[in-house]
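>
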Amino acid sequence: MSSSSTDTEQARTEAPASAPEQDLAPRRATAGFMLRHPAHWIALGFGSGLAPKAPGTVGTLWAWAAFLVLDVWLSDAQWGWLIAGGTLLGWWACTVTARNLRTPDPGAIVWDEVLAFWAVLWLVMPTGFWGQAVAFALFRFFDAAKPGPVRWADGLFKGQRGRPVGWAQGFGILFDDFVAAGCTLLVIALWRSLVG
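In terms of the UniProt record's numbering, the sequence shown opens at residue 1 and continues consecutively.
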């Protein structure tokens with residue numbers, strides 16, 4: 001076999017391998033991307049995840065404002081149903097959006113922050129502004145710093161960059177934020193038991 005035919009054969013076997021890698025290059029979330037699919041609207045927190053800096057914090061602030069508006073009309077039971085339904089819908093939306101962004105846990109996806117912080121507020125209410133602000137600060141700390149159990153939860157379903165995103169990764173996007181919410185609620189409960 002000649003050297004040129006060996007080179008041609010090698011090029012043929014290498015070409016298909018590099019093409020999928022290029023197809024899996026991460027995408028950036030933009031307003032245009034968000035408008036292309038209803039899952040993107042949900043996962044990107046209706047645009048709050050498009051914030052150029054600290055999208056998780058902006059998404060949590062959006063969740064706080066939305067909670068205060070919706071809380072006027074929703075009972076405790078309705079909040080429970082909304083969070084449960086939002087989790088199932090969010091699992092789908094986060095999976096589809098992460099898959100389309102080609103990243104296991106894109107920072108622009110903030111539906112996980114929205115649902116988890118709604119759960120925190122639902123369970124600590126009624127409380128005044130400062131109680132809500134403390135809940136916000138604690139939740140952001142646990143979500144961003146990822147101490148102990150939150151780090152474990154974050155790594156449990158993590159996919160690898162460059163690999164297709166599956167349903168497990170979509171669930172994982174939500175899971176670590178619910179663990180962060182649980183840690184937030186635990187600290188608040190301990191504080192209330194000591195002070196109150």
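Ideal Cβ placement from N, Cα and C applies to all residues, glycine included.
As the structure is a prediction and not an experimental result, all values here were calculated from the model.
1. Please report the distance separating the alpha-carbon of V179 from that of I188.
2. Here's the rule: buried if 16 or more other CB atoms are within 10 angstroms of the residue's CB, otherwise exposed. What is S48?
3. From V96 to P126, what distance separates their C-alpha atoms?
4. Please determine, among W79, W152, C183, the residue with the shortest C-alpha to C-alpha distance to I173.
5. So T87 is in the alpha helix (DSSP H); what residue range does that whole segment cover?
6. Alpha carbon to alpha carbon, what distance is there between A108 and F46?
7. Candidates R27, G59, G170, R163: which alpha carbon is nearest F139's?
8. Under a Cβ-count criterion, where at least 16 other Cβ atoms within 10 Å of its own Cβ denotes burial, should D143 be classed as buried or exposed?
9. In chain order, what residues of the same chain have a beta carbon less than 6 Å from the beta carbon of A168, not counting five sequence neighbours either side?
10. Rounded to the nearest angstrom, what separates R102 and R28 at their Cα positions?
11. Just to confirm, is the Cβ distance from P106 to V165 under 7 Å?
12. In terms of residue numbering, what span does the alpha helix (DSSP H) encompassing M34 cover?
13. Mind the definition here: the stretch 110 to 128 touches the stretch 72 to 90 only if three or more C-beta pairs lie below 8 Å; say whether that holds.
14. Count the other C-beta atoms from every protein chain shown that fall within 10 angstroms of the C-beta of W130, then say buried if there are 16 or more, exposed otherwise.
15. Among W62, W73, G170, whose alpha-carbon lies nearest the alpha-carbon of N100?
Taking the structure as given:
1. Position 179 of the sequence shown holds residue 179. Position 188 of the sequence shown holds residue 188. When rounded, the distance between both Cα atoms is 14 Å.
2. Numbered from 1 along the sequence shown, position 48 holds the residue referred to as residue 48. S48 comes out buried.
3. For the purposes of this step, residue 96 is identified with residue 96 of the sequence shown, where counting begins at 1. For the purposes of this step, residue 126 is identified with residue 126 of the sequence shown, where counting begins at 1. One C-alpha to the other measures close to 35 Å.
4. Looking up residue 173 in the sequence shown gives position 173. I173 has its Cα closest to that of W152, out of W79, W152, C183.
5. In the sequence shown, residue 87 corresponds to position 87, counting from 1. Residues 76 to 101.
6. Position 46 of the sequence shown, counted from the start, is the residue given in the question as residue 46. Position 108 of the sequence shown, counted from the start, is the residue given in the question as residue 108. If you take the alpha carbons of F46 and A108, they lie about 11 Å apart.
7. The residue labelled residue 139 in the question sits at position 139 within the sequence shown. For F139, the nearest C-alpha among the options comes from G59.
8. Translated into positions along the sequence shown, residue 143 becomes position 143. That one is buried.
9. Position 168 of the sequence shown, counted from the first residue, corresponds to residue 168. F157.
10. Here residue 102 refers to the residue found at position 102 when the sequence shown is read from its first residue. Here residue 28 refers to the residue found at position 28 when the sequence shown is read from its first residue. If I take the Cα positions, the gap works out to 9 Å.
11. Against the sequence shown, residue 106 aligns to sequence position 106. Against the sequence shown, residue 165 aligns to sequence position 165. Their beta carbons are not under 7 Å apart, which means P106 does not touch V165 by this criterion.
12. One-based indexing of the sequence shown puts residue 34 at position 34. Looking at the DSSP string, the run of the alpha helix (DSSP H) that includes M34 is 31 to 35.
13. yes
14. As a position in the sequence shown, residue 130 is number 130, starting the count at 1. W130 should be labelled exposed.
15. Sequence index remark: in the sequence shown, residue 100 carries index 100 (1-based). For N100, the nearest C-alpha among the options comes from G170.
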